[in-house]
Amino acid sequence: MKYQVARACAVAGYDGLYKELDDIAEEARECGNLVIYELIMANPVRYEVMNDYARSVHTENPPVAYLNGGTAVCWMLDSKQGFRTHMSPPGDDDDDSSDYVL
């Protein structure tokens with residue numbers, strides 16, 4: 003649970019609480035929280051406690067991690083463009099199955 007709280011601190015910018023937790027969080031770099039980012043980079047070794055893509059938590063013997071941008075952070079999940087409405091050619095009705103190749 004401590005690591006999850008540290009990640010939330012990194013996103014929200016709570017560097018005081020983060021220092022008390024003594025953990026690392028890649029989210030700090032992506033959210034622009036430079037105080038927490040500098041604390042992370044000062045550590046000689048970083049560990050992959052949470053894997054966002056595998057949805058796993060390794061609290062016992064976590065593997066060594068590298069800050070390679072592999073964390074799914076908020077800006078990556080934001081919509082980049084809207085959906086457009088599909089336009090059919092003039093005279094094309096939806097009931098015509100000849101448009102489909104099987």
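Numbering follows the working numbering, in which position 82 of the sequence shown is assigned residue number 84; successive positions increment by one, without gaps.
Where is the CB? At the ideal position from N, CA and C, for every residue including glycine.
> Buried or exposed: where does Arg9 fall if 16 or more other Cβ atoms within 10 Å of its Cβ makes it buried?
Replying inline: buried
> Can you give the beta carbon distance from Leu41 to Tyr20, rounded, assuming they're within the 8 Å contact cut?
Replying inline: 7 Å
> For the alpha helix (DSSP H) that contains Glu40, what are its first and last residues?
Replying inline: 36-44
>> Using the three-state DSSP reduction, which class does Val51 fall into: helix, strand or coil?
In response: coil
>> For a test of your reading of the model: does the CB of Thr87 fall under 6 Å from any non-hydrogen atom of the ligand SAH? Yes or no.
In response: Because no ligand of any kind appears in the structure shown, any question about the ligand SAH cannot be addressed here.
>> I'd like to check one pair, Val51 with Pro64: are the Cβ atoms closer than 7 Å?
In response: yes
> Roughly how many angstroms lie between the CA atoms of Ala1 and Arg86, to the nearest whole one?
Replying inline: Only positions 3 to 104 of the chain appear in the structure, and residue 1 is not among them; the question remains open.
>> Can you give me the C-alpha to C-alpha distance between Asp25 and Lys82, rounded to a whole angstrom?
In response: No answer about Asp25 holds up, because its pLDDT of 47 lies below 50 and its placement is not dependable.
> To the nearest angstrom, how far is it from the Cα of Gly15 to the Cα of Ala30?
Replying inline: 7 Å
> How long is the line joining the alpha carbons of His60 and Gly84, rounded to whole angstroms?
Replying inline: 37 Å
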